[in-house]
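Down below is the structure, laid out as structure tokens.
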Amino acid sequence: MTFRANAGEVTCVVGPNGAGKTTTLRVAAGIITNYQGEVMVAGTTPGKARTEGKVAYLPEEAYPYERLTGYENLQFYATLYARGDEERAAKMVERGALLSALGEALHRRTSEYSRGMKRRLLIARTLMTEAPLSILDEPTSGLDIESSVRVRRTIRDAPSSGGAVVLSSHNMLEVEYLCQRVVLINDGMVAVQGTPRELKEAFSTDDMEEVFLRASGGRSDS
């Protein structure tokens, strides 16, 4: 399996259930260390990149500290990530507050938040670090339409800081909206990769869902 996530871009990893998307992301995040082959994150191994703060990872199932306010959650994570650099931590919190777009709700305990608000806070918490690589596993999973739209806008604007964002998704409309590059995995291997436009041209279709079905060996009605 070979693919590259470029700085300043959002790369989407897609594929059928069980294809290896989450495993791939966990390897890149330095969580899974027993693997074959070579993985490089910001010029080093995923494990070292993680300890050096070069990668930020948000799993599909994650929760804020509910006894803390949204703002306190951002402060806590920024303090850990900045490692004693108070100025850097303060800038992270400021960026996280802007990315979350939660306004005055940041001063409420997150136990009072809706699922969508919690997810927006967690994604802002991840992206505020401006790590060379930010990884989001199914960032809009289980969210209503309004929350999903807000999350997508946050992710779309994040790479302006220059880092790479890699995410997984089952929503092909979301993939087309967010991603400069798409990597489709099937049976633990890269089936196809390229920009949404390149993939649609390769499969002679205007529909990313059709690309997904054909590339993954699924049924197509055309």
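Quick note: the sequence shown, position 48, residue 48 per the numbering used here, numbers continuous.
Cβ atoms here follow ideal geometry from the backbone N, Cα and C, with glycine treated the same way.
These numbers come from a predicted model, not from an experiment.
So is residue 210 buried or exposed if we call it buried at 16+ other beta carbons inside 10 Å? The residue is buried, with at least 16 neighbouring Cβ atoms inside 10 Å.
Residues near residue 142 by beta carbon distance below 7 angstroms, same chain, minus five either side: Taken in chain order, the residues that qualify are 115.
Do you know how far the Cα of residue 157 is from the Cα of residue 22? Rounded to the nearest whole angstrom, the C-alpha separation of residue 22 and residue 157 is 23 angstroms.
I need the straight-line Cα distance from residue 178 to residue 10, nearest angstrom please. Residue 10 has its alpha-carbon roughly 7 angstroms from the corresponding atom of residue 178.
Per DSSP, residue 57 is paired with what? Listed as beta-bridge partners of residue 57 by DSSP are 135.
Reduced DSSP secondary structure (H/G/I, E/B, other) of residue 49: Residue state, collapsed to three classes: helix.
Residue 194 - partner residues in DSSP beta bridges: According to DSSP, residue 194 bridges with 182.
Look up residue 168 in the DSSP assignment and give the residues it is bridged to. DSSP, once it has assigned bridges, lists 13 and 137 as partnering residue 168.
Ordered along the chain, which non-local residues of its own chain (more than five positions away) have a Cβ less than 8 angstroms from that of residue 146? For residue 146, where only same-chain residues beyond five positions count, the Cβ hits under 8 angstroms are 116.
Report the option in 6, 8, 7 and 46 whose CA atom is closest to the CA atom of residue 24. Checked all of 6, 8, 7 and 46; the closest Cα to residue 24 is 46.
If I measure Cβ to Cβ from residue 163 and keep anything under 7 angstroms in the same chain, skipping five residues before and after, which residues do I get? The residues are 7, 130, 131, 132, 133 and 134.
Burial state of residue 189, where buried means 16 or more other Cβ atoms lie within 10 Å: Exposed, because fewer than 16 other Cβ atoms sit within 10 Å of the Cβ of residue 189.
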